[in-house]
Amino acid sequence: MQLSSLIEENFRLTERQKKGLKKMGLKIIRDLLFYFPSRYESFSERKNIIDLKEGEKTTIYGKINEIKAEKSWRKRRYYTEAMVSDQTGFIAAIWFNQPFVSKILKPEDKVALTGKIANSKKGLYIANPVYEKISSYEALGEGAGILAIYSETRGISSRWLRFAIQKILKSFFTKDRPSLTKDDPLLIDPIPENILTNYHLPSLKSALIFIHTPQKLSDAEAARKRFSFEEIFFIQLARLKERKKHDEHHSFSIKISDKELNDFLSIFPFELTSAQKKAIEHIINDFSKQSAMSRLLEGDVGSGKTAVAVVASYAIVKNGYQVAYMAPTEILAQQHFQSFINYFSQLRLTTKIGLITSSECKKYPSKINPKEPTHISRPQLLKWVGNGEIPILIGTHSLIQKSVEFENLALVIIDEQHRFGTRQRAVLAKEKSDKIPHLLSMTATPIPRTLALTVYSDLDLSLLDEMPPARQKIITEIIAPNQRHKSYKKIREEINNGRQAYVICPLIETGKIEAKNVTDEAKRLKKEVFPEFEIGILHGRILPKEKEKILQDFRKNKIQILVSTSVIEVGIDVPNATVILIEGAERFGLAQLHQLRGRVMRSNHQSYCFIFTDANSDKTRERLNALVSAKNGFELAEYDLQFRGPGELSGAKQWGISDIGMEALKNIKMVEAARQEAQKIISEDPDLKKYPLILERLRNQNKEIHFE
């Protein structure tokens, strides 16, 4: 057996199992070996059935007397019920929404069951227990006492995964094959021995044995610590190596006097916060260096990132160069286009600004009406961008099409597209010279400190952690179902005072899951609640031109209530909207709820967020209460990281980090240690000539994970 050999060459697989493995991304033996348990169950603390008490979590050993799959008449859901006995008595075991258990467990099977003891009208039962078939009441075989539980899919059970992985472990780590050989280079430990020693981390061989077959929970914890450290360590190395290479390239030297900067800032209708001023200072300082700026501007909703981007763009244009501003959606690109017009239209010298999306192209100012933009053809816009006549071009991903060429692109601004990196910058600049443009990446998604230190170690960070002084804190409330009328009363009150409201639903129209949908809710609100107001609908299936018309009508207050999906999550700016009502809040992540709430944090008027949920679980309540109590988005992000379990953290795939890597982000000391060791290696040996195993690992990592 080799790590690179196919799983199906070493195990007999049914068609269902082959499909299951493919769905899980498990193809070769190495994939199985590095597929880690999601949790562990302890079978060491067993109890007799007669001694069981409600509320305790325990293990029982017994025999299946009878088992059957049923369908609940009241709740219309399937469940499996078994009667289990030991020498002291009987107890029911119930698996909700798991009818397949009745096909796996049969009468007379001896089993170990671990779960929580619950009570019903019929008496005590063990709820959704983890089960394991055993040969006797006394033993579970190898690794007795601790059982690894793996994430499953149709056709691939946790039990099958344990069987397969133990077979692989025996193949690689037996007396006949005591050491890791040159035949299996992927099993040679890539972490330098001195680092393992310094941080008391087990070797790769020990960690693989500990994580799959621990004799005690501390073994599994040590292994997970090692693999968590390893993942963060190699992401840091990749980022720092990338930054080192990037700093070797020269960029455009941008100079602007204090007087020019202050004159431009004087046209702003508001005073900048000290955080905005500090961010601008950092950017102007970066512009004066030989190497290109790589900076992430992180700011809570409404903290003023666009104003900072406008100032940076002014400095570039003042020096005779061009700016490309890329937004994630057409709606946001059009909004930024209008914002830039509002700022630059106040200058004595007219600055031409272009907009390019998949559906339209615009230029400001229009020859016919100098105060307004005009639609132009794509070839004409591209011609003016190509000869430098349009210094600022705003758009979506249309910006990086081959047909878009700049004369002198000196600054790339990216909104909510954080991993847009050196390669894409080169695409935009078309590599016309050996200089690369400066990069300013912006996000309103609060990022925990450990994540920023890991994923963005190749970027300098600026925080906008202040809100404009006149901005009032939003009032957020979780509304009980019988209090719905109170939120409607507040919406009516705000609209009668000239304001507007959003109503957010999880779905566009009626689907398989039970949740509020935009189509039906808009009709219901118009018919039963707000017949006197104009209600509009917005969702992802509406064509861009129609979306823009709906938003324009909402901005002009022709629509008082906008019923929408989360399509409005990013960047919609209607300062007159002061109330947002979110239906089915349990279906949204905390960061997403915070972004949605930010749609009514755009003015100095008091704003309100009303949250409705159909879920009654303690976990859901705890999460939503965090939204109410958190002082800002940064605090909320830290909460999300600490209290959401592995596999639940939002954005894990986006950042290129596994569940076990995300666990490391809860430990600031581990992240800082990994960062320190990575910095030491890159500063001493940037080409990694002394570390061939690390270099090979990074090459494989770049093939598997697309960071940019």
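Just so you know, we're using our numbering here: the sequence shown kicks off at 418 and counts up by one. Glycine included, every Cβ here is placed at the ideal spot set by N, Cα and C.
Look at the alpha carbon of residue i and the alpha carbon of residue j, and state the distance between them as a whole number of angstroms.
| i | j | result |
| --- | --- | --- |
| P865 | A510 | 41 Å |
| E426 | I1077 | 28 Å |
| P898 | C922 | 16 Å |
| E833 | F754 | 16 Å |
| K658 | K527 | 55 Å |
| I785 | Q969 | 22 Å |
| N702 | A696 | 10 Å |
| A732 | I700 | 10 Å |
| Q379 | K1083 | Because the chain here runs from 418 to 1125, residue 379 falls outside it and cannot be looked at. |
| L541 | S455 | 28 Å |
| Y905 | V946 | 8 Å |
| D717 | S670 | 30 Å |
| K779 | I817 | 17 Å |
| L469 | S502 | 13 Å |
| V872 | K964 | 34 Å |
| T936 | A709 | 48 Å |
| G437 | M884 | 49 Å |
| K440 | L621 | 27 Å |
Could you say which of the options lies nearest to residue i if we only look at CA atoms?
| i | options | result |
| --- | --- | --- |
| I831 | A726, P885, T774, I785 | A726 |
| R1114 | H753, R641, P609 | P609 |
| E371 | R571, L469, A486, R456 | Look at the range of the chain in this structure, 418 to 1125, and you will see that residue 371 is not part of it. |
| T862 | A1008, K488, H617 | A1008 |
| N465 | F451, S455, K480 | K480 |
| E822 | L586, A499, L799, E1055 | L799 |
| G805 | S783, C778, G771 | G771 |
| E715 | L881, K587, K852, A827 | L881 |
| N615 | Q1118, E1094, L1110, E698 | E1094 |
| H666 | K642, K706, L578, I628 | K706 |
| E1080 | D1057, I1099, K439, S1100 | D1057 |
| T982 | N974, I817, R1004, A744 | R1004 |
| I853 | F590, S711, E910, L443 | S711 |
| L828 | I895, Y742, H629, K943 | Y742 |
| E1089 | L1041, E911, L868 | L868 |
| E525 | K538, N536, N482 | N482 |
| T860 | V518, I649, A744, F950 | A744 |
| S776 | L942, L764, I793 | I793 |
Which first and last residues belong to the alpha helix (DSSP H) in which residue i is found?
| i | result |
| --- | --- |
| M1087 | 1085-1101 |
| I831 | Run containing I831: none in the alpha helix (DSSP H); it sits in the beta strand (DSSP E), 826-832. |
| E911 | 901-913 |
To which residues of the same chain is residue i closer than 7 Å at the C-beta, ignoring the five residues directly before and after it?
| i | result |
| --- | --- |
| K435 | E425 |
| R958 | I925 |
| D990 | Q752, R1019 |
| E549 | V528, A529, L557, L564 |
| S874 | Q653, R656, L657, R1092 |
| I467 | T505, G506 |
| A640 | P619, A624, F627, I628 |
What are the boundary residues of the beta strand (DSSP E) that residue i is part of?
| i | result |
| --- | --- |
| P546 | 540-550 |
| A724 | Where A724 is concerned, there is no enclosing beta strand (DSSP E), although the alpha helix (DSSP H) it sits in stretches over 722-735. |
| E487 | 474-488 |
| M859 | 855-860 |
| M500 | 495-503 |
| I999 | 994-999 |
| R866 | Looking at the DSSP string, R866 is not in any beta strand (DSSP E); the run it does join, the alpha helix (DSSP H), is 866-872. |
| Y1154 | The chain is shown from 418 up to 1125; residue 1154 falls before or after that span and cannot be answered. |
Please return the same chain residues whose Cβ sits closer than 8 Å to the Cβ of residue i, not counting the five positions on each side in sequence.
| i | result |
| --- | --- |
| E1000 | V920, I921, C922, P923, A932, K933, E938, F1029 |
| T774 | E747, A750, Q751, G812, T813, S815, P961 |
| V734 | V740, T768, P808, I809 |
| L689 | L682, I697, G721, A724 |
| I908 | A918, F947, I978, V996, L998 |
| E648 | I1074, S1075, I1077, G1078, A1081 |
Apart from the five residues on each side of it in sequence, which residues of its chain come closer than 6 Å, Cβ to Cβ, to residue i?
| i | result |
| --- | --- |
| L1112 | L1105 |
| P1103 | K661 |
| E569 | S575 |
| A1069 | Any answer about A1069 is weak, because its pLDDT of 47 lies below 50 and its placement is not dependable; what the coordinates show is given next. Excluding positions up to five away in sequence, the list reads M1079. |
| F1051 | P863 |
| Y760 | V727 |
| I954 | V935, A939, V980 |
| K599 | With a pLDDT of 48 at K599, under the threshold of 50, the modelled position of this residue cannot be trusted, and the question is left open. |
Assign residue i to one of two classes, buried (16 or more other C-beta atoms within 10 Å of its C-beta) or exposed (fewer than that).
| i | result |
| --- | --- |
| K1036 | exposed |
| M418 | exposed |
| V1045 | exposed |
| L423 | exposed |
| K929 | Legend: pLDDT at K929 = 49, less than 50; position of this residue unreliable, value from coordinates given subsequently. With fewer than 16 Cβ atoms within 10 Å of its Cβ, K929 is classed as exposed. |
| K587 | exposed |
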